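Visitor: Just so you know, the sequences run in chain order A and B.
Everything in the first sequence is counted per our numbering, starting at 42 for the first residue and increasing by one.
Everything in the second sequence is counted per our numbering, starting at 2 for the first residue and increasing by one.
Handing you this structure, nothing more for now.
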Amino acid sequence: MSWTHGDPSRTNLDEETEALRRARLGDRESFARLIEQYFDRLYRWLYRLTHNQHAAEDLAQETFMKAFAHLATFRLGSNFQAWLYRIAYNTFLNQRRSASRMTRQPFPETLPAGRESPDEEAVSHESLQLLARAVARLPNEFRAAFLLRVEEGLSFREIADILETTEQTARWRVYKARQKLLNVLAPQLDQDKP
Amino acid sequence: MNCTAIKRRLFALTDPADPPAGILAHLRDCAGCREAQVRLIQMEGQIPHVPVPASSAKAALAAKFRGETTLWDRAQFHLRTVERWHVVTVGMAASLLLFFLAWSLAPHEQPIVKTRQPSSAPDVLLVRLVEHNLSLALVEAPRQQVETLSQLAEDLRGQSDPLLRYGDGLEGKESLKDLADWYGQVVRMSVARARRVPPRERRDVLDPIVKQLGAAHDDAQQRAQQLHNVSADHPLCIIAFAAGNAREQLDVLLKHDMSGVPVPGRGVGLARLPTETVLLRRAALVPVLFAAAQNTARAETPVRTPVQAAEQARKFQHNRKLIQTLVDSCLRMAEQQQPDPVQRAASCTVVAERLAEAVERSAAEQDAVRTQEAALLLKKLLQRGVAFNLTTAGGTIPLGDVREPEMVQIGDHVSRIAQQLEENLLRLPDAETRAKLPKTLQAIQDGRAEVFKSLKGRGAY
């Protein structure tokens, strides 16, 4: 059983629903498959929120544990990703409130190998660093909404569902995030122009 | 539309690369806005390329679900089912209570206490005690244990008034005395468990319990004062003392937390907690739902008509041994320093045996509703208290292990209980009673089947 990431067909949605139904009845293998499907995305989003690998891993694990524990409350047929991410976001917020142990990790010194020339690689590396720092400086709620829109490709309605706010607010947060990022990155973007 | 407005709309689009016609038309004519669009698309296009450190946590977590399940995982998984059942059960019980209240508004000057009539009203106390057993059979976190014990104490204390007013002779007095003793044991156990609650959680968990104990103390003391010539060992005085003492101890515990003075048994400091402890601590959402479900069905001071109170007293006396078994089982499970699923299953089996007796007794009394109710409680206990814990134990006890006979013995015990009960029910002399048994028998079979399933591959199963 597998389904396409980011663009589930009707068949894939049915498969996911079936996996969820089985997981609710105690089929841990089905839940393990759900973990394999969603973990990377969720971890990536949480990493971008926390900018801390260990914290992101903890949060991701905790999210899946909570999801498993509360699978009975999930309505089959509704958006599992939104539900999962909502748990993650609330867990992230709770942790932020009660602990101030988030430490920033330096950006990785090496990037995945690409086809760019050394000069292009250097530009990309610096640009990505600047971009990552700019994103990290966004307020939590802006950053969360922005990343859900840009990396996860979710609609404003889905983002609102995850962040437990209105669609209008979700749209506004993404708007503000874009505005702030472009203000900060305008000089760099000019440099990167071909 | 000016450029500021266009850019605002552009930045608020789902996909800036695919603007609607109005914005598109502007972009064709405005280099500045076009430039903004390009930058936005360029910037967003780079986001996925920002590197993320590789993680091996996914594989570890998936493996955990595939084979290396922890007790916590299973407890959390099943506890949510207990929650759902509990909400449904308490909701049904509340509806039936309301119906009974409406029925009891017919004028009766004196409550009927002497005549023993089969009762068709559900026994809310039994339902709640079974739920508390299941809760303690499944949870591991001290927080959840403390909250469950606190709820148990309140449920017991709620029986003191009916027993005091309508307890039947010597049996009533002994029931009240037992109640006070059990109450004391439960609150003392809850204080002992409270010390194991992580300090960061104590305020949230213990504050309401301290208030509850204060109210319990005041209430019991006030009622004792209204009686004449009450000695210090009167059940109300015992309840008042137990509640007051427990409240003081919890107050001390909380004050020590605030002052930063280490409290004996405090195992968690301010340093970062290990991951598993974080999970245990943070993922305990269940008590909130659990307590909410319980609180919806119970007022702080339940308002009862005399008939209701009398009926409650009668039921308590009638089920005293079963209630004792349920309370003992709760205490036994709360006492375990390290949760042992085999012991928990065994404890639930002892309760199951008593519940089976209750089923048989109700059937003999021709109380079809109570018979079925007790059978459903028995089924729930077998499925979630026994089978679940045996399944959990099965995850860590390999086939042929030295502890396997213990597990098989539990299965055998359940088999005997179920078989005996079925035989006795089918032998009842009253044909009308036997005709109402199919659902009851089905419940027993379902419960037994679940236990057998949990032992598959072990012994003769």
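Positions of the beta carbon are idealized from the N, C-alpha and C atoms, including for glycine.
Given the structure is predicted, the values throughout are model-derived calculations rather than measurements.
Sorted by chain position, which residues of the same chain lie with C-beta nearer than 8 angstroms to Asn296 (chain B)'s C-beta, five sequence neighbours on each side aside?
Guide: To locate residue 296 (chain B), count along the second sequence from 1; it is residue 295. Note that Asn296 (chain B) scores a pLDDT of 45, beneath 50, so its modelled location is shaky; the value from the coordinates is reported in the next line. Closer than 8 angstroms at Cβ, skipping near neighbours: no residue.
Visitor: With DSSP collapsed to three states, give me the class of Ile48 (chain B).
Guide: Mapped onto the second sequence, residue 48 (chain B) falls at position 47. Helix.
Visitor: What separation, rounded to the nearest whole angstrom, lies between the Cα atoms of Ser330 (chain B) and Gly448 (chain B)?
Guide: The residue given as residue 330 (chain B) occupies position 329 in the second sequence. The residue given as residue 448 (chain B) occupies position 447 in the second sequence. The straight-line gap from Cα to Cα measures roughly 19 angstroms.
Visitor: What does Arg202 (chain A) reach in chain B if we use C-beta pairs closer than 8 angstroms?
Guide: Mapped onto the first sequence, residue 202 (chain A) falls at position 161. The residue you asked about is not Arg; residue 202 (chain A) is Asp in the sequence shown. Those do not exist, as Asp202 (chain A) stays about 15 angstroms from chain B at its closest Cβ, beyond 8 angstroms.
Visitor: Hey, is Ala138 (chain B)'s beta-carbon within less than 8 angstroms of any beta-carbon in chain A?
Guide: Within the second sequence, numbered from 1, the residue matching residue 138 (chain B) stands at position 137. No, Ala138 (chain B) lies away from the interface with chain A (no Cβ there is under 8 angstroms from its Cβ).
Visitor: Between which residues of its own chain and Glu423 (chain B) is the CB-CB distance below 7 angstroms, once the five residues before and five after are set aside?
Guide: On the second sequence, position 422 is the one that residue 423 (chain B) refers to. Hits under 7 angstroms: Leu442 and Ile445.
Visitor: Listing by chain order, which chain B residues have their CB less than 7 angstroms from the CB of Gln122 (chain A)?
Guide: Residue numbering aside, residue 122 (chain A) sits at position 81 when the first sequence is read from its first letter. The contacting residues do not exist; Gln122 (chain A) stays about 16 angstroms from chain B at best.
Visitor: Determine whether the Cβ of Phe105 (chain A) lies closer than 8 angstroms to any Cβ atom of chain B.
Guide: Position 64 of the first sequence, counted from the start, is the residue given in the question as residue 105 (chain A). It does: the Cβ of Phe105 (chain A) has a partner Cβ on chain B nearer than 8 angstroms.
Visitor: Grab me the residues of Ala64 (chain A)'s own chain with a C-beta within less than 8 angstroms of its C-beta, minus the 5 sequence neighbours each way, in chain order.
Guide: Position 23 of the first sequence holds residue 64 (chain A). Same-chain partners within the cutoff: Ser71, Phe72, Leu75, Phe109 and Leu112.
Visitor: I need the straight-line Cα distance from Glu36 (chain B) to Gln170 (chain A), nearest angstrom please.
Guide: Position 35 of the second sequence, counting from 1, holds the residue named residue 36 (chain B). Position 129 of the first sequence, counting from 1, holds the residue named residue 170 (chain A). Rounded to whole angstroms, Glu36 (chain B) to Gln170 (chain A) spans 23 angstroms at the Cα level.
Visitor: Please confirm whether Leu332 (chain B) and Gln186 (chain B) have their CB atoms less than 8 angstroms apart.
Guide: Taking the second sequence and counting its residues from 1, the one referred to as residue 332 (chain B) is at position 331. Taking the second sequence and counting its residues from 1, the one referred to as residue 186 (chain B) is at position 185. Yes, the Cβ-Cβ distance between Leu332 (chain B) and Gln186 (chain B) is below 8 angstroms.
Visitor: Using the beta-carbon count (16 or more within 10 Å), is Lys107 (chain A) buried or exposed?
Guide: The residue given as residue 107 (chain A) occupies position 66 in the first sequence. That one is buried.
Visitor: What whole-angstrom Cβ distance do Phe115 (chain A) and Leu62 (chain B) have, given they're in contact under 8 angstroms?
Guide: In the first sequence, counting from the first residue as 1, residue 115 (chain A) sits at position 74. In the second sequence, counting from the first residue as 1, residue 62 (chain B) sits at position 61. Wrong, their Cβ atoms sit about 18 angstroms apart, outside the cutoff.
Visitor: With 8 angstroms set as the bound, which would you pick, yes or no: does the beta-carbon of Arg184 (chain A) sit closer than that to a beta-carbon of chain B?
Guide: Looking up residue 184 (chain A) in the first sequence gives position 143. By this cut-off, Arg184 (chain A) is not an interface position.
Visitor: Does the region 2-19 of chain B come close enough to the region 215-224 of chain A to have 3 or more Cβ pairs within less than 8 angstroms?
Guide: Yes: the two stretches touch, three or more of their Cβ pairs being nearer than 8 angstroms.
Visitor: Pick helix, strand or coil for Pro265 (chain B), following the three-state DSSP scheme.
Guide: Within the second sequence, the letter at position 264 stands for residue 265 (chain B). Note on Pro265 (chain B): pLDDT 49, under 50, position unreliable in the model; the coordinate value appears next. In this structure, Pro265 (chain B) counts as coil in the three-state DSSP scheme.
Visitor: Residue range of the alpha helix (DSSP H) that Asp99 (chain A) falls in?
Guide: What you label residue 99 (chain A) is simply residue 58 of the first sequence in a count that begins at 1. Looking at the DSSP string, the run of the alpha helix (DSSP H) that includes Asp99 (chain A) is Gln94 to Ala110.
Visitor: Cβ closer than 8 angstroms: which chain B residues qualify as neighbours of Ser168 (chain A)?
Guide: For this step, residue 168 (chain A) is matched to residue 127 along the first sequence. Going along chain B in sequence order, the residues near Ser168 (chain A) (Cβ under 8 angstroms) are Gln47.
Visitor: Please list, in chain order, all residues of the same chain as Leu177 (chain B) whose beta carbon is under 7 angstroms from its beta carbon, the five residues on each side excluded.
Guide: Here residue 177 (chain B) is taken as the residue at index 176 of the second sequence, counted from 1. These residues qualify, in order along the chain: Ser161, Leu164, Leu165, Gly168 and Pro236.
Visitor: Using the Cα positions of Ile7 (chain B) and Cys34 (chain B), report the straight-line distance between them to the nearest angstrom.
Guide: Along the second sequence, read from residue 1 onward, the residue named residue 7 (chain B) stands at position 6. Along the second sequence, read from residue 1 onward, the residue named residue 34 (chain B) stands at position 33. Their Cα atoms are separated by approximately 8 angstroms.
Visitor: Just the Cα atoms here: how many angstroms apart are Asp156 (chain B) and Val328 (chain B)?
Guide: Counting from one through the second sequence, the residue named residue 156 (chain B) turns up at place 155. Counting from one through the second sequence, the residue named residue 328 (chain B) turns up at place 327. Rounded to whole angstroms, Asp156 (chain B) to Val328 (chain B) spans 11 angstroms at the Cα level.
Visitor: Does any CB atom of chain B fall closer than 8 angstroms to the CB of Arg116 (chain A)?
Guide: Start at 1 with the first residue of the first sequence, and residue 116 (chain A) comes out as number 75. No, because no Cβ of chain B sits closer than 8 angstroms to the Cβ of Arg116 (chain A).
Visitor: Would a C-beta distance cut-off of 8 angstroms place Leu188 (chain A) and Ala129 (chain A) closer than the cut-off?
Guide: Counted from its first residue, the first sequence places residue 188 (chain A) at position 147. Counted from its first residue, the first sequence places residue 129 (chain A) at position 88. It is not a contact, given that the beta carbons lie outside the stated cut-off.
Visitor: Using the beta-carbon of each residue, which ones in chain A are nearer than 7 angstroms to Thr15 (chain B)?
Guide: Position 14 of the second sequence, counting from 1, holds the residue named residue 15 (chain B). Neighbours of Thr15 (chain B) on chain A, chain order: Ser196 and Phe197.
Visitor: Would DSSP call Phe115 (chain A) helix, strand or coil?
Guide: Translated into positions along the first sequence, residue 115 (chain A) becomes position 74. Correct three-state label for Phe115 (chain A): coil.
Visitor: When we look at the beta-carbon of Pro21 (chain B) and count the other beta-carbons within 10 Å, is it buried (16 or more) or exposed?
Guide: Here residue 21 (chain B) corresponds to residue number 20 of the second sequence, with the count starting at 1. Pro21 (chain B) comes out exposed.
Visitor: Between which two residues does the alpha helix (DSSP H) harbouring Glu38 (chain A) extend?
Guide: Missing from the structure shown is residue 38 (chain A); chain A here goes from 42 to 235 and no further.
Visitor: Any C-beta of chain A sitting closer than 8 angstroms to the C-beta of Val53 (chain B)?
Guide: In the second sequence, the residue the question calls residue 53 (chain B) occupies position 52. Output row for Val53 (chain B): interface = yes.
Visitor: Ends of the alpha helix (DSSP H) at Leu28 (chain B)?
Guide: Sequence index remark: in the second sequence, residue 28 (chain B) carries index 27 (1-based). Note, Leu28 (chain B): alpha helix (DSSP H), Ala22 to Asp30.
Visitor: Does any heavy atom of the ligand GTP sit closer than 7 angstroms to the C-beta of Lys457 (chain B)?
Guide: For the ligand GTP, the structure offers nothing, since it holds no ligand at all.
Visitor: Report the option in B:Ala364, B:Ala394 and B:Glu374 whose CA atom is closest to the CA atom of Arg345 (chain B).
Guide: Here residue 345 (chain B) is taken as the residue at index 344 of the second sequence, counted from 1. Looking at the Cα atoms, B:Ala394 is the closest of the given residues.
Visitor: From which residue to which residue does the alpha helix (DSSP H) around Pro143 (chain B) run?
Guide: Counting from 1 along the second sequence, the entry for residue 143 (chain B) is found at position 142. Taken as a continuous stretch (DSSP letters only), the alpha helix (DSSP H) holding Pro143 (chain B) covers Pro143 to Arg158.
Visitor: Name the two residues that bound the continuous alpha helix (DSSP H) containing Asp329 (chain B).
Guide: Residue mapping note: residue 329 (chain B) aligns to position 328 of the second sequence, counting from 1. Its alpha helix (DSSP H) spans residues Arg321 to Glu336.
Visitor: Considering just the uninterrupted stretch of the alpha helix (DSSP H) at Ser348 (chain B), what are its terminal residues?
Guide: Along the second sequence, read from residue 1 onward, the residue named residue 348 (chain B) stands at position 347. Element bounds for Ser348 (chain B): Pro342 to Ala365.
Visitor: Measuring only the C-alpha atoms, how far is Gln339 (chain B) from Val131 (chain B)?
Guide: Position 338 of the second sequence, counting from 1, holds the residue named residue 339 (chain B). Position 130 of the second sequence, counting from 1, holds the residue named residue 131 (chain B). If you take the alpha carbons of Gln339 (chain B) and Val131 (chain B), they lie about 22 angstroms apart.
Visitor: Three or more C-beta pairs closer than 8 angstroms, one from the region 144-159 of chain B and one from the region 189-197 of chain B: is that the case here?
Guide: Result yes; three or more Cβ-Cβ pairs closer than 8 angstroms.
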